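Here is the structure we will look at, set down as structure tokens.
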Amino acid sequence: MDWNKTKTIFIIVFIVMNAFLYSLYKDRYQEAQNVEELGEKSIETRLKDDKITHPVFSNSPNKIPYISAEILNFKEANLTLTNQDFYFYNNDTRLHSTLIKPVKLRNIKDNDSFREFVSESVYKGSDYALWEINRDERKATFFQRVKDRTIYYNEHGLLEVYWNDRNEVTRYEQTVLKNIESLEQSDNVMPESQVVRALYDKGLLRPETTIVHMKLGYSTLVPLTETQVFVPTWEVRLHLPDDTIETHFVNNSVEGKVVDLTTPREEAKETELEDKD
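Start counting at 1 in the sequence shown, then tack on 6, and there's your number in the numbering used here.
Have a look at this one:
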């Protein structure tokens with residue numbers, strides 16, 4: 007990695023982390039004024055009392071690095087895409103492709119059908135993980151991943167696939183992150199019980215909720231114009247008592263910091279969040 011680029015990234019990470027820590031201090035101070043202490047009860051006991059079901063917590067110590075990536079300019083990729091009419095825009099960092107002959111999905115109710123299309127028809131399709139399917143909008147959203155860890159809600163590592171009322175894929179939009187590298191900065195992995203405790207303290211775990219799964223991925227820390235820096239982030243998927251699905255994100259680098267990675271929007275009633283167990 008270029009030393010000047012690395013030095014710049016570390017300076018920016020240092021500044022941003024200081025801002026995060028100050029924000030965390032303010033949040034903790036406010037909570038100390040307004041939230042009752044949980045006393046001596048463990049988080050496991052609290053969950054049991056509230057009838058909150060959860061997987062067995064894995065607290066094995068581990069480390070996970072920060073990563074950096076660059077934004078792909080599609081003109082550099084020399085793409086050859088069969089049965090597709092495509093063009094680039096947004097400074098050639100975004101691809102729009104229309105299927106000349108729409109591709110029939112094998113089974114609209116089977117999420118693997120979407121994965122199969124992406125793997126077979128999309129540039130670097132195997133680098134993307136299915137995130138959600140919105141049947142009202144006929145849109146499937148994929149996030150780019152690195153080493154089986156999803157990069158959440160980054161506009162430069164995004165794939166959106168659209169289909170028609172005959173269950174045929176007609177077009178898609180794509181952005182790609184390239185030159186993904188691990189940085190020297192790394193974090194101890196926050197224990198799963200501690201992640202859940204952060205959500206519990208924030209009042210985000212309702213009684214009789216089921217914690218479906220907990221996974222480590224990445225979220226954007228520094229969104230530079232050409233280079234992105236990503237920080238380890240916990241994804242916690244919840245099945246609520248009213249039979250809806252909710253996802254929360256906890257910053258692994260700033261203890262207990264619950265972050266909102268989504269753009270404010272009204273959730274469609276028929277949106278199905280992919281179960282990535």
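Don't be surprised by glycine CBs; every beta carbon is placed ideally from N, CA and C.
Every value quoted in this text rests on a predicted model; they were computed, and no experiment measured them.
{"query": "So, for D56: in the same chain, excluding its five sequence neighbours on each side, which residues have a beta-carbon less than 6 Å away from its beta-carbon?", "result": "P213"}
{"query": "For F92 and T86, what's the separation of their Cα atoms in angstroms?", "result": "10 Å"}
{"query": "Taking only three categories from DSSP, how would you classify I106?", "result": "strand"}
{"query": "Compare the Cα-Cα distances from F80 to each of I73, Y72, Y95 and I70 and report the closest residue.", "result": "Y95"}
{"query": "List the endpoints of the continuous beta strand (DSSP E) containing E241.", "result": "T233 to H245"}
{"query": "Can you tell me whether T181 is buried or exposed, with buried defined as 16 or more other CB within 10 angstroms of its CB?", "result": "buried"}
{"query": "Taking only runs that begin and end inside the region 55-97, name each unbroken beta strand (DSSP E) of 3 or more residues, in chain order.", "result": "69-77 and 90-95"}
{"query": "Determine the DSSP secondary structure at Y224, reduced to helix, strand or coil.", "result": "strand"}
{"query": "Assign P238 to buried or exposed, taking buried as 16 or more other Cβ atoms, counted over all protein chains shown, within 10 Å of its Cβ.", "result": "buried"}
{"query": "Can you say whether G209 is buried or exposed, counting buried as having 16 or more other CB atoms within 10 angstroms of its CB?", "result": "exposed"}
{"query": "Helix, strand or coil, according to DSSP, for N160 in the structure here?", "result": "coil"}
{"query": "Would you mind reading off the limits of the beta strand (DSSP E) that contains E183?", "result": "In the sequence as presented, Glu is not what sits at residue 183; that position holds Leu. Its beta strand (DSSP E) spans residues L183 to N194."}
{"query": "Where does I49 fall in DSSP's three states?", "result": "helix"}
{"query": "Would you identify the three-state DSSP class for E198, choosing helix, strand or coil?", "result": "helix"}
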